[in-house]
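S.K.:
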Amino acid sequence: MSPQSVLDGSHDYFIGLLQLALDKANDLLEPVEIEFYGEPLTQERAFIELANGEALHVYWSGASQKREEVVIAIPIPLLKGLLGFRMPVIHAQSLERWRTIESLESLREFSACQGSVWPDSDILEAAGLPVERVFAFEQMYLMLHAGRCDYFPRAISEVFAELEQVNQVIPDLVAVEDLIIHYPFPMYFFVTPTQPDLAERIREGLEKLIDSGEFDQYLQTHPATKRVFPFSQWQGARIISLSNPLLPVTAQPENPRYWINP
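In my numbering, the protein residues as written are -9 to 252.
1. Determine the DSSP secondary structure at residue 141, reduced to helix, strand or coil.
2. What does the Cβ neighbour count give for residue -9, buried or exposed, with the cut at 16 atoms within 10 Å?
3. By Cβ distance below 7 Å, which residues in the same chain neighbour residue 45 in space, the five residues on each side in sequence not counted?
4. Can you find at least 3 beta carbon pairs, one from the segment 157 to 165 and one from the segment 99 to 106, that sit closer than 8 Å?
5. Looking at the ligand GDP, does it come within less than 6 Å of residue 46, judged from the CB to the closest heavy atom?
6. For residue 212 and residue 219, I'd like the C-alpha separation in whole angstroms.
7. Does the Cβ of residue 166 have 16 or more other Cβ atoms within 10 Å, making it buried, or fewer, making it exposed?
8. Tell me the rounded alpha-carbon separation between residue -6 and residue 247.
9. Among residues of its own chain, excluding the 5 on either side of residue 15, which ones have a beta-carbon nearer than 6 Å to its beta-carbon?
10. Using a Cβ-Cβ cutoff of less than 8 Å, which residues in the same chain neighbour residue 64 once the five nearest sequence positions on both sides are dropped?
11. Can you check whether the CB of residue 172 is closer than 7 Å to the CB of residue 231?
12. Starting from the C-beta of residue 240, find all residues in its chain whose C-beta is less than 7 Å away, skip the five residues before and the five after it, and write them out in chain order.
13. Express the C-alpha separation of residue 148 and residue 80 in angstroms, rounding to a whole number.
14. Report the residue from 115, 152, 185, 169 whose alpha carbon sits nearest the alpha carbon of residue 93.
15. My guess is that residue 50 and residue 68 are in contact by the Cβ rule of under 8 Å, so how many angstroms apart are they, rounded?
16. I'd like the list of long-range same chain contacts for residue 235, defined as Cβ closer than 6 Å, with 5 residues on each side in sequence excluded.
17. DSSP three-state call for residue 237: helix, strand or coil?
18. I need the straight-line Cα distance from residue 71 to residue 133, nearest angstrom please.
19. Give, in chain order, every unbroken run of the beta strand (DSSP E) that is at least 3 residues long and sits entirely within the segment 110 to 139.
20. In chain order, what residues of the same chain lie with their CB nearer than 7 Å to the CB of residue 9, ignoring the 5 residues before and after it?
21. Distance, Cα to Cα, residue 251 vs residue 150?
22. From this set, 221, 140, 13, 228, which residue's C-alpha is nearest residue 82's C-alpha?
23. Taking buried to mean at least 16 other C-beta atoms within 10 Å of its own C-beta, is residue -2 buried or exposed?
24. Which residues mark the beginning and the end of the beta strand (DSSP E) in which residue 214 is found?
25. May I have the straight-line CA-CA distance separating residue 43 from residue 226, to the nearest angstrom?
26. Tell me, to the nearest whole angstrom, how far the beta carbon of residue 73 is from that of residue 176; I am working on the premise that it is less than 8 Å.
27. Taking all protein chains shown into account, do 16 or more other C-beta atoms lie within 10 angstroms of the C-beta of residue 187, making it buried, or fewer, making it exposed?
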């Protein structure tokens, strides 16, 4: 698919990983060339197109049990669970106030901007956190800048690449680098149910990349994600843990083969 926004700093990571998996799956299979869907899609629209299977065949997104019921999920977290390590992006002028937050109760005093149909919104609301649901990705940063919400929680695997782009337009936004909101939340490749062979090829390729060590190497060296590593740098961060009532049964958050745990 096309990037969801000009501010989408992680798009190349997933495209590159998909191509690696397709190439790794089986040397005897015909090479596959990735073609992009012609326009950015909301997550809601993407899953409609994916279920239809005519124009969109592969999509990556945060996983939920509901999504797995309509398309084929490949239950291998593409970021080893880093999607669920959320770092608040805020106004720079409010940074000192954010340094006092230590608990879920204190976080409930602030409102988050999140996607209108993102599973994250449901997860935050289930924890009693106020959420401003926003339709378009770019609008979330604009709403934060305008003071219509207090923070935009972004995965630590995507926040730094995004802010490089965002700060060219909105220079007064920063990440609270010593505060992490954590919940188990995998990012999966989803495949149209009309192409089960494609789903199996991607799954096989990802497993082989894990076995060879290439998956971890890619995750730790890609420009969009390398800032996260070494992961030990976050040991001193304040961590506010949330449960994820939407976690699919396919997830194995305690399995170190697929997940990084705090």
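The beta carbon of each residue, even a glycine, is placed where N, CA and C say it ideally should be. Note that the coordinates shown come from a computational prediction; the quantities given were computed from them, not determined experimentally.
M.R.: If we stick to the structure as given:
1. Translated into the one-based positions of the sequence shown, residue 141 becomes position 151. In the structure shown, residue 141 falls within a strand segment according to DSSP collapsed to helix, strand and coil.
2. Walking along the sequence shown from the start, residue -9 turns up at place 1. Here residue -9 scores only 45 on pLDDT, less than 50, and its place in the model should not be relied on; the value that follows carries that caveat. When all chains shown are included, residue -9 counts as buried.
3. If you number the sequence shown from 1, residue 45 lands on position 55. The answer, listed in chain order, is 27, 39.
4. Flag = no, the segment 157 to 165 and the segment 99 to 106 do not touch.
5. For the structure depicted, the ligand GDP is absent and the ligand set is empty, with no information on it obtainable.
6. In the sequence shown, counting from the first residue as 1, residue 212 sits at position 222. In the sequence shown, counting from the first residue as 1, residue 219 sits at position 229. About 11 Å.
7. Position 176 of the sequence shown holds residue 166. Around the beta carbon of residue 166, 16 or more other beta carbons sit within 10 angstroms, so the residue counts as buried.
8. Numbered from 1 along the sequence shown, position 4 holds the residue referred to as residue -6. Numbered from 1 along the sequence shown, position 257 holds the residue referred to as residue 247. Legend: pLDDT at residue -6 = 45, less than 50; position of this residue unreliable, value from coordinates given subsequently. Distance between the alpha carbons of residue -6 and residue 247: 29 Å.
9. The count along the sequence shown starts at 1 and reaches residue 15 at position 25. Within the same chain, and ignoring the five residues on either side of residue 15 in sequence, the residues whose Cβ sits closer than 6 Å to its Cβ are 191, 194, 195.
10. Reading the sequence shown from its first residue, position 74 is the one you call residue 64. 178, 179, 180, 181, 189, 192, 193, 196.
11. The residue given as residue 231 occupies position 241 in the sequence shown. The residue given as residue 172 occupies position 182 in the sequence shown. It is a contact, given that the beta carbons lie within the stated cut-off.
12. As a position in the sequence shown, residue 240 is number 250, starting the count at 1. The residues 58, 63, 65, in chain order, have a CB closer than 7 Å to that of residue 240 in the same chain once the five nearest residues on each side in sequence are set aside.
13. Counting from 1 along the sequence shown, the entry for residue 80 is found at position 90. Counting from 1 along the sequence shown, the entry for residue 148 is found at position 158. So the two alpha carbons sit approximately 15 Å from each other.
14. If you number the sequence shown from 1, residue 93 lands on position 103. Among 115, 152, 185, 169, the Cα nearest to that of residue 93 is on 169.
15. As a first step, residue 50 must be located in the sequence shown, where it is residue number 60. As a first step, residue 68 must be located in the sequence shown, where it is residue number 78. That pair is a contact at about 6 Å.
16. The residue given as residue 235 occupies position 245 in the sequence shown. So the qualifying residues of the chain are 116.
17. Here residue 237 refers to the residue found at position 247 of the sequence shown. DSSP places residue 237 in coil when its eight states are reduced to three.
18. Locating residue 71 in the sequence shown gives position 81, where the first residue counts as 1. Locating residue 133 in the sequence shown gives position 143, where the first residue counts as 1. Answer to the nearest angstrom: the Cα atoms are 27 Å apart.
19. Listed in chain order, the beta strand (DSSP E) runs fully inside the segment 110 to 139 are 121 to 124, counting runs of at least 3 residues.
20. Reading the sequence shown from its first residue, position 19 is the one you call residue 9. Taken in chain order, the residues that qualify are 24.
21. Within the sequence shown, the letter at position 261 stands for residue 251. Within the sequence shown, the letter at position 160 stands for residue 150. When rounded, the distance between both Cα atoms is 20 Å.
22. To locate residue 82, count along the sequence shown from 1; it is residue 92. Closest in C-alpha terms to residue 82, from the list 221, 140, 13, 228, comes 140.
23. Here the question's residue -2 lines up with position 8 in the sequence shown. Legend: pLDDT at residue -2 = 49, less than 50; position of this residue unreliable, no value from coordinates given.
24. Start at 1 with the first residue of the sequence shown, and residue 214 comes out as number 224. DSSP places residue 214 in no beta strand (DSSP E); its state is neither H nor E.
25. To locate residue 43, count along the sequence shown from 1; it is residue 53. To locate residue 226, count along the sequence shown from 1; it is residue 236. Taken atom to atom, the span from the alpha-carbon of residue 43 to that of residue 226 is near 45 Å.
26. Counted from its first residue, the sequence shown places residue 73 at position 83. Counted from its first residue, the sequence shown places residue 176 at position 186. So it is a contact: roughly 7 Å between Cβ atoms.
27. Walking along the sequence shown from the start, residue 187 turns up at place 197. So residue 187 ends up on the exposed side.
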